[in-house]
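Heads up, the thing below is written out as structure tokens.
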Amino acid sequence: MAFFRTYKLIIIVSVIIGLCYSLPNIYYSSTVQSNRKYIPLSFSELLYGAQVKEVLDGNIFVGDPQFFEHKNTFLPVFPLIPVYLLSLLSFLSGSVTSGFLLADFLFPALLFVLVHCLFLRVTKNYWFSLFSSIAILTVYPLLSKITPLSLQQLKSSLASILLLSVDKPLPFYRTPNPQISFIVLTIALILSYEILIKPKRRVIILTGLVGALLFSTYFYHAVFFFFFVGIVIFLLVSQKRKSVAIAFTLIMLFVALSGFALKVISDAPSYATLKITGGVFQQRYIDWLFTLRYGLLLLAVLLLRKRLPSITFNYLIALSGSAILCMNFQILSGWTIQPGHWPQTTLEPTALIVLFLLIFYLLKSAIRIKWYQLGTMFILIYAFVSQFRFVHTHPDVWTINQDFGRVLEWINNYGDENTVVTSLNVDDLNYIPVLTRANIFVPVEQYHYASIDEIWQRILFNYRLYGFEKLPIETISYGVHFELAYNVQKYKHYSFEEYDQTTQQEIRNCYPSLCSTLYALPTSIKQKYGELYRETSVEQNPYRLDLALYTPYEKNLGAQKPFGYRVFTSGDYEIYQLMSK
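Numbers 52 to 632, taken from the numbering used here, label the letters of the sequence shown in order.
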């Protein structure tokens, strides 16, 4: 009871934060339309949901979540720790969907408490810490857009803010990352601050272990923390604080060994395609746009040095400097991966931590408690209203067609772990590995073992199955980053001139961190597989295939009904049984 009285407000606010993040679950579980079915997984959560389902099915260390033929191939799931945590929640709650539902409440609430602890440890100001941690958890996209990357972005950002129409208003909406991964990063940052104050053996070892876990949690957070520790070591050595520098050197060794282990695993042959479909960007360049953005933040820390305690100064220099290094990671390595993820999931929230701390030390004597209290109330109300509006206006994100829901139920009831299902609609296929026991015929996400050649082979057979005389090459989009295998920005063996004029202009205008996922196929590839399609017949299919869906999507494309016999119908949705190899 004494504990509750002491931390009553923090507990209450953490529950409010959890409810805010759970608003889609609360809203659509009670107000879903009669022709829709609520599913608590959205956006790329289905990718992780398929991995969780694989773990629940007993494939802890092996197993392709999509393809039957690769079920026994060694491929540790990534991110390892978040997937196992979600698997535990799903096991305890009885299903994958229930596990994700619980995660949407628990992890944001826990993250709020940890971010509050970080601010409180640095500032020792309760109300400022409460206000800042709520802001980081709820309106960070809004705050981030106040410092735009262009004038046009400023105009559109201000309009969305004033109209309460910010897209995806909550920053940690996605389970498991950055929801879970930022928890691990925050713990590492809190422990690092403790070591800067007084290096204790237990804290040093614990920080090293937590830092090492980051590479099994989220690549972007792990690299950020590695750079953070490196900058701290440099500052401590220059300040002749050798004992503390040695402590952080040990931590860096923990993190480096974990990163090396990840590299060894990722160099396995089974990961070759994953590096391509995962969006690896092979090029050395300076990210001037974000370097300037975070460079200004670093400059602000330097200008306010006299107002900052020495430990806090080192801390903020390391945080802001790490952001610059992360955005230019490709200069050292020669590659990066989906560079837009650096600011979106890692650097923007950590940059705002730096910004809030600078504001605190600049204005701490000028801002009274009541302003923090009013600000806290305002941002909580704003967050709830923005989230409610976004949820209300995007029903397709959290609901599926009721007839398609019945299709999934039929597949789950009458199929088994060997059943393979196909469709031309990747959005429909995305749900099958998560909500049924079945596999899919063509990939919808990047975590699988199929080579690029195998993916193409499956695509050709799939379109032939649906009776297309000519391969509709312009409509193909299998896998989140499948076309990136041919992106001229990443793989130099395809010349710039091989793309059509529209795509060439898109490439010219494309800034890596803002639009690194151009879905474009070179002309030579279109011609190659167009010719191969003419030689493809359904009878030559070497892969298992049991069921084919025929839905309004296939009908609108002009597809024929698959050759087989119909085993289920619900509205305009049909399932056909095929001959399987």
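All C-beta atoms, glycine included, are put in the ideal place defined by N, C-alpha and C.
Values in this document were obtained by computation on a predicted structure and should not be read as measured data.
Backbone CA spacing between residue i and residue j [nearest angstrom]
{"i": "residue 372", "j": "residue 507", "result": "43 Å"}
{"i": "residue 435", "j": "residue 69", "result": "11 Å"}
{"i": "residue 530", "j": "residue 363", "result": "Bear in mind that a pLDDT of 49 at residue 530, under 50, signals an unreliable position, so the number given afterwards is only what the model happens to contain. About 44 Å."}
{"i": "residue 629", "j": "residue 619", "result": "13 Å"}
{"i": "residue 242", "j": "residue 174", "result": "15 Å"}
{"i": "residue 611", "j": "residue 603", "result": "12 Å"}
{"i": "residue 355", "j": "residue 426", "result": "24 Å"}
{"i": "residue 302", "j": "residue 259", "result": "4 Å"}
{"i": "residue 329", "j": "residue 418", "result": "46 Å"}
{"i": "residue 219", "j": "residue 438", "result": "8 Å"}
{"i": "residue 80", "j": "residue 87", "result": "11 Å"}
{"i": "residue 255", "j": "residue 280", "result": "12 Å"}
{"i": "residue 357", "j": "residue 366", "result": "14 Å"}
{"i": "residue 166", "j": "residue 179", "result": "12 Å"}
{"i": "residue 28", "j": "residue 519", "result": "No statement about residue 28 is possible, as the shown extent of the chain runs from 52 to 632 and does not include it."}
{"i": "residue 461", "j": "residue 555", "result": "45 Å"}
{"i": "residue 138", "j": "residue 107", "result": "6 Å"}
{"i": "residue 225", "j": "residue 613", "result": "36 Å"}
{"i": "residue 625", "j": "residue 586", "result": "28 Å"}
{"i": "residue 115", "j": "residue 332", "result": "24 Å"}
Cβ pair residue i, residue j closer than 8 Å
{"i": "residue 492", "j": "residue 477", "result": "no"}
{"i": "residue 1", "j": "residue 408", "result": "The requested residue 1 does not occur in the structure, where the chain is confined to residues 52 to 632."}
{"i": "residue 262", "j": "residue 306", "result": "yes"}
{"i": "residue 454", "j": "residue 622", "result": "yes"}
{"i": "residue 396", "j": "residue 228", "result": "yes"}
{"i": "residue 375", "j": "residue 352", "result": "no"}
{"i": "residue 276", "j": "residue 319", "result": "no"}
{"i": "residue 378", "j": "residue 345", "result": "yes"}
{"i": "residue 601", "j": "residue 522", "result": "no"}
{"i": "residue 549", "j": "residue 573", "result": "yes"}
{"i": "residue 64", "j": "residue 187", "result": "no"}
{"i": "residue 405", "j": "residue 348", "result": "yes"}
{"i": "residue 577", "j": "residue 524", "result": "yes"}
{"i": "residue 141", "j": "residue 103", "result": "yes"}
{"i": "residue 448", "j": "residue 93", "result": "yes"}
{"i": "residue 325", "j": "residue 552", "result": "no"}
{"i": "residue 278", "j": "residue 309", "result": "no"}
Boundaries of the alpha helix (DSSP H) in which residue i is found, first to last residue
{"i": "residue 277", "result": "270-289"}
{"i": "residue 496", "result": "Unbroken run through residue 496: none, as it is neither H nor E."}
{"i": "residue 147", "result": "147-174"}
{"i": "residue 247", "result": "232-248"}
{"i": "residue 437", "result": "420-444"}
{"i": "residue 368", "result": "361-378"}
{"i": "residue 72", "result": "59-72"}
{"i": "residue 102", "result": "96-107"}
{"i": "residue 261", "result": "252-264"}
{"i": "residue 485", "result": "483-486"}
{"i": "residue 83", "result": "Where residue 83 is concerned, there is no enclosing alpha helix (DSSP H), given that its DSSP letter is neither H nor E."}
Selected residue, minimal CA-CA separation from residue i, among the options
{"i": "residue 157", "options": "66, 245, 427, 239", "result": "66"}
{"i": "residue 122", "options": "552, 513, 470", "result": "470"}
{"i": "residue 160", "options": "553, 233, 144", "result": "233"}
{"i": "residue 486", "options": "456, 426, 358", "result": "456"}
{"i": "residue 656", "options": "260, 61, 246, 230", "result": "Lying outside 52 to 632, the shown extent of the chain, residue 656 is not represented and no answer is given."}
{"i": "residue 443", "options": "63, 84, 59", "result": "84"}
{"i": "residue 394", "options": "108, 423, 564, 519", "result": "564"}
{"i": "residue 420", "options": "58, 112, 524, 182", "result": "182"}
{"i": "residue 105", "options": "147, 95, 78, 416", "result": "147"}
{"i": "residue 513", "options": "553, 598, 502, 461", "result": "598"}
{"i": "residue 171", "options": "78, 237, 119, 266", "result": "237"}
{"i": "residue 659", "options": "578, 230, 250, 118", "result": "No answer is possible for residue 659: the residues shown for the chain start at 52 and end at 632."}
{"i": "residue 164", "options": "59, 500, 474, 343", "result": "59"}
Start-to-end residues for the beta strand (DSSP E) that takes in residue i
{"i": "residue 619", "result": "616-621"}
{"i": "residue 473", "result": "471-473"}
{"i": "residue 599", "result": "598-601"}
{"i": "residue 577", "result": "Looking at the DSSP string, residue 577 is not in any beta strand (DSSP E); the run it does join, the alpha helix (DSSP H), is 574-585."}
{"i": "residue 592", "result": "Neither: residue 592 is in no beta strand (DSSP E) and is coded neither H nor E."}
{"i": "residue 625", "result": "624-628"}
{"i": "residue 30", "result": "The requested residue 30 is not part of the displayed model; the chain covers only 52 to 632."}
{"i": "residue 88", "result": "87-89"}
{"i": "residue 226", "result": "Segment: none, residue 226 is in no beta strand (DSSP E) and carries neither H nor E."}
{"i": "residue 452", "result": "450-452"}
beta-carbon residue i near the ligand MN non-hydrogen atom, thresh 7 Å
{"i": "residue 97", "result": "You won't find the ligand MN in this model; it holds no ligand whatsoever."}
Any C-beta of chain C under 8 Å from that of residue i
{"i": "residue 369", "result": "Of the protein chains in the structure, only one exists, and it is not chain C."}
Three Cβ pairs or more, each shorter than 8 Å: is that satisfied between the segment 289-308 and the segment 370-389?
no
Does the segment 393-407 come close enough to the segment 146-164 to have 3 or more Cβ pairs within less than 8 Å?
no
Just checking, does the segment 282-290 make contact with the segment 336-348 on the three C-beta pairs under 8 Å criterion?
no
Contact between the segment 96-112 and the segment 132-142: three or more CB pairs below 8 Å?
yes
May I ask you to verify whether the segment 506-524 touches the segment 481-490, counting CB pairs closer than 8 Å and requiring at least 3?
no
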